[in-house]
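Presented below is the structure to which this report refers.
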Amino acid sequence: MAAAAPAASDSSATTSEADGGLADMSDAVTSESDIQYNQAHKGKLVNVDKNNFLDYNQTHGSATYDSATGIVTLTPDKNNLAGSVTLKDKIDLNHDFSLTTWTNLGDKNTQNWGGDGIGFAFHTSPLDAVGGAGNNLGIGGLADAVGFKLDTFHNPRAKMSDKPGGDSYPADPKNLGTGSYGAMVYTNYNTELSSDGTTKQWNLEVPENINSFTNGTDPATTQNAEVLPNTVTDGKFHKFIINYKAATHQLVVTYYPDSDMDTDILGDAYVWNWTIPDDQYQKMVAVAVAERDSATNKGKYTADSLPISMAIFASTGWAKNLQQVKITDFDYTSWETTGSAVLKYVDSTTGKTIARDSVQGDPGAAINFGTNNVRYTNTLNYFKHHGYQLVPN
């Protein structure tokens, strides 16, 4: 249900006699499509695309956003950079979410000193937190993270360190050669990459096996880290989708390495299906519940929400690439307990929005834009006074 669905009697339009003519107004009042509510949970459903991208996201480091194209350039083709885009609010892990993007990993592979790749993470660190560079791809160093990485530079050896925050990173899986690969990842708080053997860090882990992997050609397997074709570093945008299924705690990544955003060709789908291990999931839940129920957040979150952070990262080092992402559609449930609907008054003759109002409403409940809404009534009276009238929608 829309956040502020017009009552039946008001789901209508207006006409105008401006300049001596009679012009229909196609939607007197309607809620914006990017804000809805989940009635059962009473959390805000959000849809993000290029038109409202900066309302919900912010860039960091070398990342820049082009509002005309909807493209985030995470790193230009230069050395020793790190860029990220993070959500301004938190995702509710208790509900499904879906992220559809086009990603450009650049035009160089390991042999041509191209790197490092792009990482997608959901984690319990602060909203604007960024993990380590290099093989971490911004994910290693984040607390309780799960996600996926498109890795374009082969790291044959681990980096050991005693510094926190993702300074160390693991070696890439040995069975992949030196090619680009994709893999589900998570972080684990341990001493495995500590040079003194005692300092705990949020180290990046690449699970050996997942539920399943398919690529449309070879037999299905449970191997997680999979070599990608050379087309992933052809300098073009390739379709990349993440779906999360809350009921089963599953992450499903679908990547089209032969796709092309300019021609809308897709090709074979590479699909990773992974159920987040229960111990990892419970760690995320414990932190989310503690944040939700803390005294400083009282009333900020809905009663059963599990707020977590989300970000997209890319980095360069000795190896470099132009690395970009375009979010075409992102649907998730926010933790917010209240919200507002944006009301548009549209003249159907010109197609232009001639006025806007904002109306507060309870999540999951319809708002009646009738005689009880003084602001709405005053706006309609103003337009009627200037020759407009309500007509069927």
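Residue numbering for the sequence shown follows the UniProt record's numbering, starting at 1 and increasing by one per position. All C-beta atoms, glycine included, are put in the ideal place defined by N, C-alpha and C.
Buried or exposed by the 16-neighbour rule on C-beta atoms within 10 Å, applied to residue i
i: K90; result: buried
i: Q323; result: buried
i: Y270; result: buried
i: A183; result: buried
i: A28; result: Unreliable positioning characterises A28 in this predicted model, as indicated by a pLDDT of 36, which lies under 50. A coordinate reading is not provided.
i: I265; result: exposed
i: A295; result: exposed
i: residue 428; result: The question about residue 428 has no answer, for the chain in this structure spans 1 to 393.
i: G117; result: buried
i: S168; result: buried
i: L74; result: buried
i: L54; result: exposed
i: D151; result: buried
i: T233; result: buried
i: E226; result: buried
Test item: CB-CB of residue i and residue j under 8 Å
i: A129; j: T187; result: no
i: P277; j: P257; result: no
i: G70; j: G235; result: no
i: N79; j: G317; result: yes
i: N203; j: G140; result: yes
i: D77; j: K239; result: no
i: V252; j: N224; result: no
i: H95; j: S309; result: no
i: D162; j: S125; result: no
i: G115; j: G147; result: no
i: T217; j: D268; result: yes
i: T222; j: I210; result: yes
i: S62; j: L81; result: yes
i: S315; j: A171; result: no
i: W335; j: Y301; result: yes
i: V185; j: K159; result: no
C-alpha gap between residue i and residue j, whole angstroms
i: L22; j: L380; result: Residue placement at L22 cannot be trusted, given a pLDDT of 25 that sits under 50; what the coordinates show is reported in the next sentence. L22 and L380: Cα-Cα distance of roughly 16 Å.
i: L142; j: T254; result: 24 Å
i: S84; j: T59; result: 6 Å
i: S340; j: H154; result: Unreliable placement is indicated for S340, whose pLDDT of 49 sits below 50; the coordinate value is still reported in the next sentence. Approximately 48 Å, taken between the alpha carbons.
i: Q111; j: D92; result: 41 Å
i: T338; j: K44; result: Summary for T338: the model assigns pLDDT 48, below 50, so the residue's position carries little reliability; its value from the coordinates is reported in the next sentence. Between T338 and K44, the C-alpha separation is close to 8 Å.
i: T15; j: N51; result: Note on T15: pLDDT 30, under 50, position unreliable in the model; the coordinate value appears next. C-alpha separation (whole angstroms): 28 Å.
i: E291; j: Y382; result: 46 Å
i: K306; j: L176; result: It is Leu, not Lys, that sits at residue 306 in the sequence shown. Answer to the nearest angstrom: the Cα atoms are 36 Å apart.
i: N109; j: T178; result: 9 Å
i: T353; j: G138; result: 41 Å
i: P207; j: Y65; result: 33 Å
Residues sharing a beta bridge with residue i, DSSP
i: N52; result: DSSP lists no partner for N52.
i: T254; result: I241, V271
i: M284; result: Its beta-bridge partners do not exist; DSSP assigns none.
i: N57; result: L87
i: I139; result: In DSSP, I139 forms no bridge with anything.
i: W202; result: Y189
i: L99; result: I242, F330
i: H123; result: S309
Evaluate the contact criterion for the stretch 317–334 versus the stretch 87–101: three or more CB pairs, one atom per stretch, below 8 Å.
yes
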